[in-house]
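**Student:**
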Amino acid sequence: MDMSQDSDARFQAGLEIRREVLGKEHVDRSLANVDAFAAPLQRLVTEYCWGEVWGRPGLERKTRSMLNLAMLSALNRTHEFKLHVRGALQNGVTREEIQEVLLQVAIYCGVPASLESSRAAQEVFKELDAK
């Protein structure tokens, strides 16, 4: 079995999913700016995060998006959280459902994490509403 073919197929599948969720323009812009230092990490993320995990049939993308919002909020990863708010909306998560996720985050992960993510979500909503 040629593992490089499996890896390439997983990368291509991940790239497709990543573009569908986060937007082709964003992903292509991100990858165009990758240098030799960042390239291995981008490949790992695209292949395993997007190709292997997001590509599994066990959960719908909407569910995966809500899980990501909760985890990124708990980890206080605002930049990634904002990116995944956009992806969640693309995957059919409503603003009301994002609000519910953040209420649950407040109880299980702490109010400061939820407040920070709420502010970040509002910034994304304002940007989207301005378009």
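If you read the sequence shown in this note's numbering, its first letter stands for residue 1241, the second for the next number, and so on. From the three backbone atoms N, C-alpha and C, an ideal C-beta is built for every residue, glycine too.
Which runs of the alpha helix (DSSP H), 4 residues or longer, sit entirely within the region 1241-1317?
**Tutor:** 1243-1262, 1264-1272, 1279-1284, 1301-1314
**Student:** When you compare each of Cys1349, Ala1360, Glu1300 to Asn1331 by their alpha carbons, which one comes out closest?
**Tutor:** Glu1300
**Student:** Taking only three categories from DSSP, how would you classify Gly1350?
**Tutor:** coil
**Student:** Using the rule of at least 16 other Cβ atoms within 10 Å of the residue's Cβ for burial, across every protein chain shown, is Ala1375 buried or exposed?
**Tutor:** In this structure the chain extends from 1241 to 1371, so residue 1375 is not present and cannot be described.
**Student:** By Cβ distance below 7 Å, which residues in the same chain neighbour Ala1314 in space, the five residues on each side in sequence not counted?
**Tutor:** Val1345, Cys1349, Ala1353
**Student:** Apart from the five residues just before and just after Leu1342, which ones in its own chain have a Cβ nearer than 8 Å to its Cβ?
**Tutor:** Leu1309, Ser1313, Ser1354, Ser1357, Ser1358, Ala1361
**Student:** Would Gly1291 pass as a contact of Arg1250 if the rule is Cβ separation under 8 Å?
**Tutor:** yes
**Student:** Taking the alpha-carbon of Lys1302 as reference, which of Arg1317, Leu1329, Gln1252 has the nearest alpha-carbon?
**Tutor:** Leu1329
**Student:** Give me, in chain order, the residues of the same chain whose beta-carbon lies closer than 7 Å to that of Thr1286; leave out the 5 immediate sequence neighbours on both sides.
**Tutor:** Phe1251, Gly1254, Leu1255, Arg1258
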